[in-house]
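Those protein sequence lines, which keep their order, are chains B and S.
According to the numbering used here, the first sequence is numbered sequentially starting from 602.
According to the numbering used here, the second sequence is numbered sequentially starting from 602.
First comes the structure, then the notes that go with it.
Protein chains: 2
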Amino acid sequence: MKKYDFTPDWLEKEPNQQTFRSIFKWGAKDYFKNPSQGFLNIIKEELGLSNTDFQTPVNLGNKAVENTRETRIAKEDITLFETIVGRDNLFFDTYSRLKYSTGKSMEDILNLRQGQIEKISDLILHPRSREDIKKILALCHEKKIPLHVYGGGSSVTLGLDCPKGGVTLVMGTHLNKMIEFNEINQTITVEPGMMGPEYEDLLNHAPEKLNAKTRYTGGHFPQSFEFSSVGGWVVTLGSGQASSYYGDVYDLVVSQEYVTPTGAFKTHDFPATATGPKINDIMKGSEGCFGVLIAVTMKIFQYQPETARQFTYMFPDFKAAIDAARQISQAESGMPSILRLSDPEETDVAMKMYGLEGSLPDKYMGFKGLRPGSRCLLMGQTDGDNSFSKNLFKQVKKVCKTNQGLYLTGYPMKKWQKGRFSDPYMRDALNDFGVLIDTLEASVTWDHIQALYSAVRNHIKKHPNTICMTHASHFYAQGTNLYFIFITKMQDVEEFRSFQHGIIEKIEKNFGSLSHHHGVGRMMVPWMEKHLGENQMDILRAIKKHFDPHNIMNPGGLGL
Amino acid sequence: MKKYDFTPDWLEKEPNQQTFRSIFKWGAKDYFKNPSQGFLNIIKEELGLSNTDFQTPVNLGNKAVENTRETRIAKEDITLFETIVGRDNLFFDTYSRLKYSTGKSMEDILNLRQGQIEKISDLILHPRSREDIKKILALCHEKKIPLHVYGGGSSVTLGLDCPKGGVTLVMGTHLNKMIEFNEINQTITVEPGMMGPEYEDLLNHAPEKLNAKTRYTGGHFPQSFEFSSVGGWVVTLGSGQASSYYGDVYDLVVSQEYVTPTGAFKTHDFPATATGPKINDIMKGSEGCFGVLIAVTMKIFQYQPETARQFTYMFPDFKAAIDAARQISQAESGMPSILRLSDPEETDVAMKMYGLEGSLPDKYMGFKGLRPGSRCLLMGQTDGDNSFSKNLFKQVKKVCKTNQGLYLTGYPMKKWQKGRFSDPYMRDALNDFGVLIDTLEASVTWDHIQALYSAVRNHIKKHPNTICMTHASHFYAQGTNLYFIFITKMQDVEEFRSFQHGIIEKIEKNFGSLSHHHGVGRMMVPWMEKHLGENQMDILRAIKKHFDPHNIMNPGGLGL
């Protein structure tokens, strides 16, 4: 097995406290996942790297964050904040401020690895109640101090940058409780700092924990699920991996409660209304620019994992796979919860990663005309009531067969599901050797999918020795999203930023949305005006001005 | 057959041109539908009326509208408007102005029957193009002349009142064309003045008319379908009778194009985005207060009437029927397109109307414990792909049986479908004899349905000799709507208005939405501030101010 003759000395060590690494490491401190030998070989091959390149790790960020940055908040103001939240819930050491001003974008990580401290908050507060938040907000408004909100910290779009400093509220520390469970309405109301796993666990165990008649699910599983908060999902417009059935967060929110500089309010929880433009929808996706979300009521669903049916099909080419996915999405037999279509490159990587290349199934595929470099994987899962799930599974099969799809059982899908939350851990391992891995995503209507795909892919592949894997993973009758993953060797932040900006420009020019489910953050800001147009940005600006006349709420966020 | 010994001399005569009657008569000039003998008997019985009451028609509105009202627009301004639209598309005679300032609310009709001319427009324009609209809007903005928009004229919430006079744009005359049909995206883009039947007919005949591969439906069938426009649906947030499957208009709109006093724009047509609050949603339901809708892109669906399955069940009481409907809505086997639950009074009326009272099926129901005064009808239809529709039909059956529902075949449902667009014609016939029939509707979560139902019903029934029929007809996992129909004898507008206001107050106090799908118009304005709260109204006011600093766009609409 010459192929597997070398394993890098992956760094499987819990980062020391107070280090840069402790901030950027993804997820649990003590959990590590390294690229498989198959995956590593692909990377070496495609990026033109040798074993030598995986011998000396670089920029590990093991240095402690020194307390070098003076807070810019006046001492007397800090005392005022302390009066509100208490001494235990207030921090202004550089480490805390850096930690809560940093997300998980490649740019964030590169900066931290190089010990750069940029655009950080001046004061970290852990509010204990909505009353705390009201008081903090009033004080910030009065003193014109910028105010930011930190949910789970999983932003990949520089959403936590504090270019003007100011105060950051950490919601997960105290504001993480359930407020109300309403079984007859199938809704749950929670504080915004509740994290994904606690939220889902509570619902899954509703009979024991909430005295419910049955078990429920929130139906929202973004890849950041384990380290993102319910509030974060809502204000950044996230989509979970099962969104094609359960809906994006936009669809899941029933009502919200906000505190803003110019007033607090709770939107109605009617299932539908015709009483003018819906305030509930105006607030979704506001990314902390209008106010602070303090409670949210979400739709919940029957938890019935026993009805789930997994499927995988291989198609001869991208077009056939897209056609099948479109037909499934427009067939009106219901929507699969998960539907995931990989382009030829991602399909080939998957085949190699799972060690299937050259296997018997691989040979059979070759025999059937499903060849590397062209074939595409479509996998998914049906959910819902058992009869619904069963029927939909059958209908999916019909559509796939019509489009020359070869059924490969549910096994690859199950395999993917196992790794779906742990895969992001591999990024740190690769970054340790200067291999960058990042993603960008866009939504797109069916008629523009091929052009957008080609334009972005061609652009990425122009960069030598770069892997570009693409998938579509959220489906609608009118279109889908394209999710581009690129892997390349780069260490310089400026070089990376310019590469990334080139991709965003291609997306924008080729009728892709700037973001399908990662939000705007600061990353998309330079394109927002062009993307929405001045007149539509003016509407957002007018709303912003109404809520936040002193421009203290995440100033500059959304491009406002 | 003593029961049917008397038939009123229903007025089946096309109204004379230029009369008040020609304005308020519902729908086609030459189509009439009178109450059946069964229905008439119920009305006589419940309202305590005798044959004498149906001998002399009152307030028929047969008088011609005299040209008594001087337009308040200055002569030189009229000349300017004429320069824009041409002489043929400009009117300021009293009849035209009254016609396009009147909807179909009971109050509108009572006023017209009494020859009252109130709150009318000063100038009627039929714009020929979006350029016309831009110019008209700019002129109105410059001269501070109020601007109103007339779609199909079917508003039942005084949405066409022009309390400050001004200009009214009639959209249906010229702006009624298709702009683009996009089969791969399953969307159609139309001008706002296209009427329901033209819209649906175009889609149903897509292969012949649009060179499409298959036939489509818009899936939107409000009771006003035949006399309402696509643009009107969107700006007032309508819901069709099949909304539980196809969605409310809110869900059907992909993108919109507006001209506003401060700029024109077209929203994106991405299937989903995370680029901040969605402008597309901010505009829906704006009822002409922000700008003029000049194009709208809508989702379309497979037209497959052959897969539809009708069902009817009778339940022992309201609670059992509600429970069944809720379980269907939360079962995750998909949603029926039509689902319609009648309360005991509406059920009894239906039984009598269809001549089923005392029939063999009626006796069988009695034997099964399904008795008048308590039993409730639930009827509906499943649609979508054949296998989906078939499976859902089965699942509905299961749920209904579990809740003691007795299957009554699909016949009553088919019977209802036949009359669903023609039933409104009966109102004029009854009005001719001073019998008022009107409706109010609210959306409500499951947990408040019983309280809201009782409060509103008790209030209506306090008024002596009044029929109150209630149904729920739009279903969501989180709740439904309640639609109250009341029939009583009343001629005085003030008395009627006060009665109606009492009902709205009960709705508002008992956790009902002010409107589920009739919009705000002017009728709900007095309650808007209380309903949404000052802080949420302030948001709408801020947006209004941004679009319309001179307050010319439907001034006072939405309470702004």
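Idealized CB from N, CA, C, for every residue including glycine.
No experiment lies behind these values; they were computed from the predicted model shown.
Within chain S, not a single residue places a beta-carbon under 8 Å from that of residue 1085 of chain B; the smallest gap is close to 16 Å. In chain order, 934, 992, 995, 996 make up the part of chain S whose C-beta sits under 8 Å from the C-beta of residue 988 of chain B. In this structure, DSSP gives residue 1147 of chain S a helical state, which the three-state scheme calls helix.
Spatial neighbours of residue 1077 of chain B in its own chain (CB-CB distance under 7 Å, excluding positions within 5 residues in sequence) are listed in chain order as 930. At least 9 Å separates the beta-carbon of residue 1013 of chain S from that of residue 972 of chain S. When S/1148, S/1120, S/1152, S/622 are compared, the shortest CA-CA separation from residue 888 of chain S is found for S/1120. Against chain S, a Cβ distance below 8 Å from residue 880 of chain B picks out 1133, 1137, 1140, 1141. Scanning B/675, B/691, B/772 for the CA closest to the CA of residue 828 of chain B turns up B/772. Residues of chain B with a Cβ closer than 7 Å to the Cβ of residue 704 of chain S do not exist; the shortest Cβ-Cβ separation is about 15 Å. Inter-segment contact for the region 988-998 of chain B and the region 931-944 of chain B is present: three or more beta-carbon pairs are separated by less than 8 Å.
A distance of 9 Å or more separates the beta carbons of residue 910 of chain S and residue 810 of chain S.
Residue contact with chain B for residue 1053 of chain S: absent (no Cβ-Cβ distance below 9 Å to any residue of chain B). By the rule that beta-carbons nearer than 9 Å mark a contact, residue 1129 of chain B touches chain S.
Assignment of residue 1090 of chain B by DSSP, reduced to helix, strand and coil, places it in the strand class. At a cut-off of 9 Å between beta-carbon atoms, residue 762 of chain S makes no contact with chain B. As the crow flies, the alpha-carbon of residue 609 of chain B is around 59 Å from that of residue 1136 of chain S. Distances from the alpha-carbon of residue 652 of chain B to those of B/757, B/1034, B/762, B/731 put B/1034 closest. Looking at the DSSP output, residue 783 of chain B bridges to B/788. Taking C-beta atoms as the reference points, residue 1046 of chain B and residue 881 of chain S fail to come closer than 9 Å. Residue pairing for residue 916 of chain S: DSSP places it in a beta bridge opposite S/977.
If you ignore the 5 residues before and after residue 692 of chain S, its C-beta comes within less than 6 Å of the C-beta of 725, all in its own chain and listed in chain order. If you check the CB distance, residue 937 of chain S and residue 903 of chain S do not come in under 9 Å. At a cut-off of 9 Å between beta-carbon atoms, residue 927 of chain B makes contact with chain S.
Going by C-alpha positions, residue 1017 of chain S is about 34 Å away from residue 1129 of chain S. Residue 1051 of chain S and residue 740 of chain B have their C-alpha atoms spaced approximately 44 Å apart. In terms of Cβ geometry, residue 752 of chain S and residue 628 of chain S do not form a close pair [threshold 9 Å]. Two segments are said to touch when three or more pairs of C-beta atoms, one from each, lie closer than 8 Å; by this definition the region 710-723 of chain S does not touch the region 1099-1112 of chain S. Secondary structure of residue 1115 of chain B (DSSP, three-state): coil. Sequence-distant partners of residue 798 of chain S (beyond 5 residues in either direction) whose C-beta falls short of 8 Å from its own C-beta, in its chain, are 826, 827. For residue 678 of chain B, the enclosing alpha helix (DSSP H) has its first and last residue at 676-686. Taking a Cβ-Cβ cut-off of 8 Å, residue 845 of chain S has no neighbours in chain B, whose nearest Cβ is about 10 Å from it. In the DSSP assignment, residue 997 of chain B falls outside any beta strand (DSSP E) and lies within the alpha helix (DSSP H) extending over 987-1003.
At least one CB atom of chain B sits nearer than 9 Å to the CB of residue 851 of chain S. Distances from the CA of residue 955 of chain S to each of S/607, S/630, S/614, S/638 were compared; the closest alpha carbon is that of S/638. By DSSP's assignment, residue 899 of chain S forms a beta bridge with S/789, S/854.
The C-alpha of residue 953 of chain S is placed about 48 Å away from the C-alpha of residue 927 of chain B.
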